[in-house]
Amino acid sequence: MKIITIIGARPQFVKAATLSREIQMHDDIQEVIIHTGQHFDPNMSAIFFEQMHIPKPDYNLGIASLAHGAMTGRMMEEIEKIVVDEKPDWMVVYGDTNSTLAGALVASKLHIKLAHIEAGLRSFNMKMPEEVNRILTDRISDVLFCPTETAVSNLKKEGFKNFNCSIEKVGDVMYDAALFYKDKAKKPTFELPDEFVLATIHRAENTDSKEKLAIIVEAFNEIHKQTPVILTLHPRTKQFIEKYNLKTDFLVIDPVGYLEMIYLIDHCKMILTDSGGLQKEAYFFKKPCVTLRDQTEWVELIDSGANILSEISFEEILSAFNLMQHRKIDFSKELYGDGMAAKGIVAILNI
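Just so you know, we're using the numbering used here here: the sequence shown kicks off at 52 and counts up by one.
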């Protein structure tokens with residue numbers, strides 16, 4: 052059996068590492084990895100392959116820094132050529148990026164069986180490109196691998212049980228990764244304070260708006276007076292902070308590798324983010340989280356009390372931070388499975 056795996060962004064590298072490791076245990080399965088190039092910064096791409104021992108991509112398309120339509124179209128064009136040559140039995144796509152949608156559309160049009168890992172997630176905000184990508188990918192997939200019961204429920208409510216597809220609750224491959232790599236975490240080379248808050252900001256709705264990004268930076272500056280804030284600076288965010296000439300009093304660092312990021316998550320006091328994946332990683336490492344968005348696809352984190360949403364308002368961000376400092380959280384619930392998601396996925400694909 053031959054599987055083509057499509058990846059292009061940091062969270063997908065983490066997820067792919069778990070599946071590739073499981074695939075390598077099966078002599079009868081060949082994996083062909085296509086890296087679209089959507090994340091091109093070395094610390095957001097190459098270092099992940101090195102640290103996580105992901106097989107070197109068989110194809111690297113180098114497609115990045117384009118508008119949504121142009122990026123997705125270019126990716127489809129190049130992926131299609133490869134699929135025609137490779138003739139895979141399955142295509143595997145992850146999450147909700149432009150790379151995900153491009154691969155899914157090619158598989159559907161060429162009648163290649165399509166597996167969507169992290170299916171069924173919904174933010175119910177159609178203004179988010181990620182929401183459009185995930186819904187369209189779900190609709191044309193043959194197997195929908197869901198990380199949570201909420202994801203399964205979303206698909207059933209949308210009528211997917213009547214479509215020609217299989218819905219499988221397998222758990223979250225990112226939890227697999229957290230368990231496997233936790234003991235391999237690497238302390239960053241810069242000096243860390245004894246106590247700190249870890250922050251990331253990258254979503255367009257926060258970075259493209261000067262007003263919103265200025266509020267976030269101001270709030271981080273204020274929190275930093277109480278507890279040191281470390282912001283891992285996504286290239287997109289860096290570009291806008293410089294463009295808007297915003298003053299950052301907190302520690303700003305370049306993107307780090309996955310093993311360094313795991314160390315930071317494991318040793319921080321709290322996480323402030325607009326990232327989907329980091330919300331979950333906070334839970335994996337038993338850290339309270341404030342999500343700087345109006346909604347999240349990971350609603351079970353909100354329901355459990357481990358995460359809280361905050362509007363982009365100076366007062367709201369500080370209020371959410373102070374609330375989460377004192378909230379008692381039960382991290383014992385297995386919200387994302389038992390760490391065996393990749394094994395279950397490969398078993399189903401290999402039937």
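Every residue gets a Cβ at the ideal spot worked out from N, C-alpha and C, and that includes glycine.
CA nearest to the CA of residue i, picked from the options
i: K160; options: D317, E131, N184 and V307; result: E131
i: D345; options: S326, D300 and S361; result: S361
i: D300; options: E273, I399 and K238; result: E273
i: K384; options: T199, V248 and K237; result: T199
i: R190; options: F175, D223, V224 and L152; result: L152
i: D234; options: L374, M76 and I316; result: I316
i: L117; options: K379, S204 and M126; result: M126
i: D354; options: L282, L264 and I380; result: I380
i: D140; options: A166, G146 and L264; result: A166
i: I281; options: L206, L302 and D136; result: L302
i: F64; options: G328, N184, H275 and K220; result: G328
i: V157; options: K208, I402, I98 and L187; result: L187
i: I359; options: N373, W349 and T342; result: T342
i: I304; options: I252, R61, S364 and G124; result: I252
Beta-carbon spacing of residue i, residue j below 7 Å
i: I105; j: S71; result: yes
i: V83; j: I55; result: yes
i: L112; j: E129; result: yes
i: Y334; j: A236; result: no
i: E297; j: V268; result: The question names Glu, but residue 297 is Leu in the sequence shown. Yes, the pair counts as a contact, with Cβ atoms nearer than the cut-off.
i: P279; j: F241; result: no
i: K338; j: E73; result: no
i: R287; j: T324; result: no
i: T201; j: E351; result: yes
i: A51; j: T347; result: The structure shown does not extend to residue 51, since the chain spans only 52 to 402, so no value can be given for it.
i: Y309; j: M177; result: no
Rounded Cβ spacing between residue i and residue j (contact assumed at less than 8 Å)
i: A270; j: I368; result: 4 Å
i: I168; j: V143; result: 6 Å
i: N149; j: Q89; result: 6 Å
i: V224; j: K331; result: Not a contact, Cβ separation roughly 11 Å.
i: M391; j: G171; result: Wrong, their Cβ atoms sit about 19 Å apart, outside the cutoff.
i: L49; j: S174; result: Shown here, the chain extends from 52 to 402; a query on residue 49 therefore has no answer.
i: N401; j: M52; result: 6 Å
i: I133; j: I85; result: 6 Å
i: P239; j: V183; result: Incorrect: roughly 35 Å between the Cβ atoms, too far for contact.
Boundaries of the beta strand (DSSP E) in which residue i is found, first to last residue
i: S217; result: S217 to K220
i: H86; result: Q81 to H86
i: K53; result: K53 to I58
i: I359; result: N358 to L360
i: T283; result: V280 to T283
Limits of the alpha helix (DSSP H) - the one that residue i falls within
i: Y295; result: No alpha helix (DSSP H) contains Y295, which DSSP labels as neither H nor E.
i: M312; result: Y309 to H318
i: K66; result: R61 to I74
i: M126; result: H119 to E137
i: A371; result: F365 to H377
i: I105; result: Where I105 is concerned, there is no enclosing alpha helix (DSSP H), given that its DSSP letter is neither H nor E.
i: A115; result: Run containing A115: none; DSSP gives neither H nor E here.
Helix, strand or coil at residue i [DSSP, three-state]
i: F196; result: strand
i: I191; result: coil
i: K238; result: coil
i: K233; result: helix
i: L161; result: coil
i: I304; result: strand
i: L323; result: strand
i: T288; result: helix
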